[in-house]
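Every number in the numbering used here is 504 more than the matching position in the sequence shown, counting from 1. Beta carbons are placed, not taken as given, at the ideal position from N, Cα and C, and that holds for glycine.
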Amino acid sequence: MSQAVVKKPTDKGAPQEEAQYLKIRITLTSRNLPALEKVCSELISGAKKQKLERLKVRGPARLPTKVLTVTTRKSPCGEGTNTWDRYEMRIHKRLIDLVSPTSVVKQITSVSLEPGVDVEVTINSN
């Protein structure tokens with residue numbers, strides 16, 4: 505785990521540990537674009553509501569859409585005119601990077617999720 509310790513000087517001159525900051529990467533994937541954008545905006549607005557000085561939010565970074573295609577013949581027997589059906593499924597992906605203290609991580613990630621949106625939370629380690 506990548507942890508940065510912030511030391512705050514006290515009145516007596518001895519530094520006191522304040523909080524450990526973690527680098528967190530949240531990956532969101534979905535086939536439903538409006539639901540994905542809604543979850544992204546809720547995560548970012550929840551992070552910005554914390555009002556911490558060192559809280560950093562980057563994103564959502566839009567990754568390229570994966571298009572999965574399947575081409576099939578319309579005719580079940582194989583005779584007749586060569587007509588084809590093409591089906592496709594689009595998979596959208598977003599990345600959000602956060603730098604926040606350990607105490608705030610649960611509050612940020614406890615957002616109500618839309619059905620069909622997959623969330624993967626990774627804590628980066630150097």
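Alpha carbon to alpha carbon, how far is residue i from residue j?
{"i": "residue 616", "j": "residue 570", "result": "25 Å"}
{"i": "residue 610", "j": "residue 535", "result": "26 Å"}
{"i": "residue 576", "j": "residue 589", "result": "5 Å"}
{"i": "residue 624", "j": "residue 533", "result": "9 Å"}
{"i": "residue 526", "j": "residue 562", "result": "14 Å"}
{"i": "residue 618", "j": "residue 524", "result": "31 Å"}
Residue range of the alpha helix (DSSP H) that residue i falls in?
{"i": "residue 615", "result": "No alpha helix (DSSP H) contains residue 615, which DSSP labels as neither H nor E."}
What are the boundary residues of the beta strand (DSSP E) that residue i is part of?
{"i": "residue 541", "result": "That residue, residue 541, is in no beta strand (DSSP E); its alpha helix (DSSP H) goes 537 to 552."}
{"i": "residue 584", "result": "Note, residue 584: premise wrong, no beta strand (DSSP E); not H, not E."}
{"i": "residue 562", "result": "560 to 577"}
If you reduce the DSSP assignment to three classes, tell me which class residue i lands in.
{"i": "residue 607", "result": "helix"}
{"i": "residue 518", "result": "With a pLDDT of 49 at residue 518, under the threshold of 50, the predicted position of this residue should be treated as unreliable, though the coordinate-derived value follows. It is coil, neither helix nor strand."}
{"i": "residue 555", "result": "coil"}
{"i": "residue 505", "result": "The predicted position of residue 505 is uncertain, since its pLDDT is 44 and thus under 50; no value can be drawn from it."}
Since residue i and residue j are thought to touch, with beta carbons under 8 Å apart, how far apart are those beta carbons, to the nearest angstrom?
{"i": "residue 627", "j": "residue 548", "result": "Wrong, their Cβ atoms sit about 18 Å apart, outside the cutoff."}
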